[in-house]
Amino acid sequence: MTQTSTYDFETRLDHRAHRSAKWSVFDEDVLPLWVADMDFKVAPAITEALHERVDFGVFAYTRQDDELIDIICERMERLYDWKVQPEEVILIPGLVTGLMIAADAVGQPGDGILNQTPVYGPFLSVAPPRGRFTQMAELSYVQDDAHTLHYEFDPAVFEAEISKQTSMLFFCNPHNPTGQMYSREQIEQIAEICERNDMIICSDEIHCDLLLNGGKHVPTASISPEISQRTVTLMAPSKTFNLPGLQASFAIIQNSELREKFVQAASHMHAYGWGGATLNIFAYTAAHAAYAHGEDWKDAMLAYVRDNRDFARAYIKEHMPQIKTTNPEATFLMWLDCGNLGVTNQTLQEFFLEKARVGLNPGNFFGNSYDHFVRLNFACPRSVLEEALGRMAQAVQSL
Numbered sequence: 003m004t005q006t007s008t009y010d011f012e013t014r015l016d017h018r019a020h021r022s023a024k025w026s027v028f029d030e031d032v033l034p035l036w037v038a039d040m041d042f043k044v045a046p047a048i049t050e051a052l053h054e055r056v057d058f059g060v061f062a063y064t065r066q067d068d069e070l071i072d073i074i075c076e077r078m079e080r081l082y083d084w085k086v087q088p089e090e091v092i093l094i095p096g097l098v099t100g101l102m103i104a105a106d107a108v109g110q111p112g113d114g115i116l117n118q119t120p121v122y123g124p125f126l127s128v129a130p131p132r133g134r135f136t137q138m139a140e141l142s143y144v145q146d147d148a149h150t151l152h153y154e155f156d157p158a159v160f161e162a163e164i165s166k167q168t169s170m171l172f173f174c175n176p177h178n179p180t181g182q183m184y185s186r187e188q189i190e191q192i193a194e195i196c197e198r199n200d201m202i203i204c205s206d207e208i209h210c211d212l213l214l215n216g217g218k219h220v221p222t223a224s225i226s227p228e229i230s231q232r233t234v235t236l237m238a239p240s241k242t243f244n245l246p247g248l249q250a251s252f253a254i255i256q257n258s259e260l261r262e263k264f265v266q267a268a269s270h271m272h273a274y275g276w277g278g279a280t281l282n283i284f285a286y287t288a289a290h291a292a293y294a295h296g297e298d299w300k301d302a303m304l305a306y307v308r309d310n311r312d313f314a315r316a317y318i319k320e321h322m323p324q325i326k327t328t329n330p331e332a333t334f335l336m337w338l339d340c341g342n343l344g345v346t347n348q349t350l351q352e353f354f355l356e357k358a359r360v361g362l363n364p365g366n367f368f369g370n371s372y373d374h375f376v377r378l379n380f381a382c383p384r385s386v387l388e389e390a391l392g393r394m395a396q397a398v399q400s401l
């Protein structure tokens, strides 16, 4: 295992005592590997910044942190060679909130929002409450070998699902639940089809810093000036720095007219107020500290999580060879095809919960055609991962 002695990713913490959703949804004897947050303490710089803010002792309404905006702009240029102006950044309280705001801001009631499945569940549920309808274009399943799978973008399938009512694509890159990264060429192909069909792209890039194999993330809006004008980019420090409970996210919109529509829609949801976004003061503080001082922790965490990925894949291959998995290039999420197990009287999530006492995300959360899949979160102490996989293997071997 990679040595990460500066930070402790091994200690098992009592998450239930602090009402962690991940750990408290299931019974106490269940090991949860489901919802996409990590079991690790955050970077010390974040904790120190929050302590300093608490010690001030006043928690009043707070205006936008302009220095945080500047840090975000600098980060976009340094990491992605993407020039972003401060006025193009809009702070928002959560990425799913950003999806909802984008749905309200683009098109009109009766429009369709296209998704590529399998995909993170809220993508599929945002449209109907906003008077839109959900459209789905399936990614193509590819089996690499007896133990590994991945998905590919099929432009013919994608374009066949576009109708005159389709006004926007919800795009997820890096992809949840498969952990795949889209190449520049693939993004260009998707963007060209959207441009030709006059569609806005709402690009969820929340996992963009969680690259397990190195490489470089390509923001959709950075592809060309033309594509930047039809893209709403959604990012956040929450996945990278384990801050989901603080709900700090941001949108980058370089088209001024589209940005104004987004701000108006956010205002109607009370997600944008005096001088900027309605974030809580701890979200500002933590996001600022994460981006300014959290890179060393992030690098150590990625090394640990990368080892967990490799351990999980090797363990499943040896002890549960009936199961095929993705080999995630990014995120801390693995997509498991359990169709060969022959479980028919219950979902796979129910099977592993009942027989192994391991909590996983059900495949049908990511689309209607994925009942024989589960999603596994491997961002946890190795001892938790090893124990959970051991329980799963015993359940599989009992079939």
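As numbered in the numbering used here, residues 3 to 401 make up the sequence shown, in order. All C-beta atoms in this analysis are idealised placements derived from N, C-alpha and C, irrespective of residue type, glycine included.
query                                                                                                              : result
Boundaries of the beta strand (DSSP E) in which Ser2 is found, first to last residue                               : Since the displayed the chain opens at 3 and closes at 401, residue 2 lies outside it and no answer follows.
Nonlocal neighbours in the same chain, by C-beta distance under 7 Å from Asp39, ignoring five residues either side : Lys24, Asn244, Pro246
Expected contact under 8 Å - CB spacing of Pro383 and Glu12 to nearest Å                                           : 5 Å
Residue range of the beta strand (DSSP E) that includes Gln145                                                     : 142-145
Between the CA atoms of Ala292 and His219 - distance to the nearest angstrom                                       : 19 Å
CB of Lys326 within 7 Å of CB of Leu151, strictly                                                                  : yes
Between the CA atoms of Asn347 and Ile100 - distance to the nearest angstrom                                       : Checking the displayed sequence, the identity of residue 100 turns out to be Gly instead of Ile. Going by the C-alpha atoms only, they are around 38 Å apart.
Minimum C-alpha distance to Arg359 - residue among Asp10, Cys340, Leu391                                           : Leu391
Local conformation of Ser251 per DSSP, three classes                                                               : strand
Helix, strand or coil at Trp276 according to DSSP, with G and I counted as helix                                   : Because the pLDDT at Trp276 is just 48, under 50, the model does not fix this residue reliably, and the value given afterwards should be weighed accordingly. Correct three-state label for Trp276: coil.
DSSP state of His209 mapped onto helix, strand, coil                                                               : coil
is_contact[Phe243, chain B] using C-beta, thresh 7 Å                                                               : This model lacks chain B altogether, as it is built from one protein chain only.
Collapsed DSSP secondary structure at Gln5 in the structure displayed                                              : With a pLDDT of only 44 at Gln5, under the threshold of 50, the placement of this residue in the model should not be trusted; the figure read from the coordinates follows. Gln5 falls in the coil class under three-state DSSP.
Straight-line Cα distance separating Glu161 from Ala45                                                             : 43 Å
Exposure of Asp57, with buried meaning 16 or more beta-carbon neighbours within 10 Å                               : exposed
Leu362 and Gln351 closer than 7 Å at C-beta                                                                        : yes
Distance, Asp309 Cα to Leu387 Cα                                                                                   : 11 Å
The segment 110-119 contacting the segment 136-144, beta-carbon criterion three pairs below 8 Å                    : yes
Lys43 (DSSP reduced to helix, strand or coil)                                                                      : coil
Nonlocal neighbours in the same chain, by C-beta distance under 8 Å from Leu70, ignoring five residues either side : Leu93, Tyr286, Ala289, His290, Tyr293
Beta-carbon proximity of Leu281 to Pro130, cut-off 7 Å                                                             : no
N- and C-terminal bounds of the beta strand (DSSP E) containing Trp337                                             : 335-339
Pair within 7 Å by beta-carbon distance, Phe264 and Ile254                                                         : no
Nearest to Gly341 (by Cα), restricted to the options Asn178, Pro124, Val376, Leu248                                : Val376
Contact under 7 Å by Cβ, Leu35 with Leu378                                                                         : yes
Buried versus exposed call for His209 [16 or more other C-beta atoms within 10 Å across all chains shown]          : buried
Where Asp10 falls, given that 16 or more other Cβ within 10 Å makes a residue buried                               : exposed
Which of helix, strand or coil DSSP assigns to Met201                                                              : coil
Residue burial classification, Pro323 (beta-carbon count within 10 angstroms, cutoff 16)                           : exposed
Nearest candidate by alpha-carbon position, reference Ile203, set Ser269, Ser224, Asp67, Thr49                     : Ser224
Rounded C-alpha distance that separates Met78 from Pro227                                                          : 15 Å
Which listed residue (Gln399, Ala332, Lys319, Asp312) has its alpha carbon closest to that of Phe353               : Gln399
Completely contained beta strand (DSSP E) runs for the segment 291-379, where each covers 3 or more residues       : 335-339, 375-379
Spatially closest choice to Tyr122 from Gln145, Asp146, Thr180, Leu81, by CA coordinates                           : Thr180
Spatial neighbours of Met102 in its chain, beta-carbon cut-off 6 Å, leaving aside the 5 residues before and after  : Val128
Beta-carbon spacing of Leu236, Leu97 below 7 Å                                                                     : yes
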